[in-house]
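**Q** Residue numbering for the sequence shown follows my numbering, starting at 1174 and increasing by one per position.
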Amino acid sequence: LLLEMMSDGGGILLRRDLVLRRARVDSLEKVRSLNLWGCKLSNVELLRSLPSLQVLNLSCNELTSLESLANCTKLKDLYLRQNRLGDLRQLQHLQPLASLQSLWVENNPLSRVSGYRRKVVQLLPQLKYLDNKAVSEEERQQPLVQEEQQEPMPSSTTSSNVLKAVLCLLGELDHSSLTELQKEVAKLLD
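What follows is the structure, encoded as structure tokens:
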């Protein structure tokens, strides 16, 4: 239909017909706003062909890279919640987007990195909102050298207790639930 399985068997490719249909336009150059929430996309290379794009919702997909967004220089609002973005360096692809004012990227693995918000604000100083919260002048001025004040790593005793609790809970799951859990763990480990 509108989405096509990629030849590598890995994920779902964004197609021209889906973009035109969702944006209700007749050419990619006219796309200003695009909602691709929950399409299970992992490849959005087609976004390189959307020079007029200003608002983009890619929340609840399977994205691991933001490289395809670097050409969307008119982008103002970008929603990336609940993807598979694990590396803060992916946000470097958004640095050329001088018009970007609002970025929502929470609920991705990268948002659990210590000092995440401070790092994103330093990397993308043009942002007015990050994760639906205004960026303050204080945050903009805060230096990155405060890295030494990170939270201490959990002790091996704490990790051991967490592991025991998880194993105990696993004993409560049926075969179907364990199979589903196995798939989710495999995704996290990739």
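From the three backbone atoms N, C-alpha and C, an ideal C-beta is built for every residue, glycine too.
Please report the distance separating the alpha-carbon of Arg-1197 from that of Val-1293.
**A** The count along the sequence shown starts at 1 and reaches residue 1197 at position 24. The count along the sequence shown starts at 1 and reaches residue 1293 at position 120. Arg-1197 and Val-1293: Cα-Cα distance of roughly 33 Å.
**Q** Relative to the C-alpha of Asp-1250, which candidate in Leu-1362, Asp-1304, Cys-1233 and Asp-1347 has its C-alpha closest?
**A** The count along the sequence shown starts at 1 and reaches residue 1250 at position 77. When only C-alpha atoms are compared, the closest one is Asp-1304.
**Q** Taking DSSP as the reference, what is the three-state secondary structure of Lys-1306?
**A** Start at 1 with the first residue of the sequence shown, and residue 1306 comes out as number 133. In this structure, Lys-1306 counts as strand in the three-state DSSP scheme.
**Q** Looking only at C-alpha atoms, which of Arg-1189, Trp-1277 and Ser-1275 sits nearest to Lys-1203?
**A** Position 30 of the sequence shown, counted from the first residue, corresponds to residue 1203. Nearest of Arg-1189, Trp-1277 and Ser-1275 to Lys-1203, Cα basis: Arg-1189.
**Q** Could you name the residues of the same chain whose beta carbon sits closer than 6 Å to that of Leu-1226, not counting the 5 residues immediately before and after it, in chain order?
**A** The residue labelled residue 1226 in the question sits at position 53 within the sequence shown. Val-1204, Cys-1245 and Leu-1248, listed in sequence order.
**Q** Which partner residues of Asp-1363 appear in the DSSP bridge assignment?
**A** Residue mapping note: residue 1363 aligns to position 190 of the sequence shown, counting from 1. Per DSSP, none; premise fails for Asp-1363.
**Q** Provide the residue span of the alpha helix (DSSP H) that contains Val-1294, from first to last.
**A** Here residue 1294 is taken as the residue at index 121 of the sequence shown, counted from 1. That run of the alpha helix (DSSP H) goes 1289 to 1296.
**Q** If you check the beta carbons only, do Asn-1280 and Gln-1255 fall under 8 Å apart?
**A** For the purposes of this step, residue 1280 is taken as residue 107 along the sequence shown, with counting starting at 1. For the purposes of this step, residue 1255 is taken as residue 82 along the sequence shown, with counting starting at 1. Yes. Within cutoff.
**Q** Considering just the uninterrupted stretch of the alpha helix (DSSP H) at Val-1192, what are its terminal residues?
**A** In the sequence shown, counting from the first residue as 1, residue 1192 sits at position 19. Per DSSP, Val-1192 belongs to the alpha helix (DSSP H) from 1189 to 1196.
**Q** Could you give the C-beta distance for Leu-1267 and Leu-1231, rounded to a whole number, given that I count them as a contact under 8 Å?
**A** For the purposes of this step, residue 1267 is identified with residue 94 of the sequence shown, where counting begins at 1. For the purposes of this step, residue 1231 is identified with residue 58 of the sequence shown, where counting begins at 1. Contact doesn't hold; Cβ gap of about 12 Å is too wide.
**Q** Once you ignore the five residues that flank Pro-1269 on each side, which residues in its own chain have a CB closer than 6 Å to its CB?
**A** Indexing the sequence shown from 1 puts residue 1269 at position 96. Counting only Cβ-Cβ distances below 6 Å, and skipping sequence neighbours, we find Ala-1243.
**Q** Could you name the residues of the same chain whose beta carbon sits closer than 7 Å to that of Leu-1273, not counting the 5 residues immediately before and after it, in chain order?
**A** Against the sequence shown, residue 1273 aligns to sequence position 100. The residues are Leu-1248, Lys-1249, Leu-1251, Leu-1267, Leu-1297, Gln-1299 and Leu-1300.
**Q** When DSSP labels each residue in this structure, what does Leu-1258 get in the three-state scheme?
**A** One-based indexing of the sequence shown puts residue 1258 at position 85. It is coil, neither helix nor strand.
**Q** Based on the DSSP output, what are the partners of Ser-1238 in its beta bridges?
**A** As a working mapping, residue 1238 is identified with position 65 in the sequence shown. Ser-1238 is not bridged to any residue.
**Q** Could you tell me the distance, in whole angstroms, from the CA atom of Pro-1282 to the CA atom of Ser-1275?
**A** Working through the sequence shown from its first residue, we reach residue 1282 at position 109. Working through the sequence shown from its first residue, we reach residue 1275 at position 102. Cα to Cα, the separation comes out at about 19 Å.
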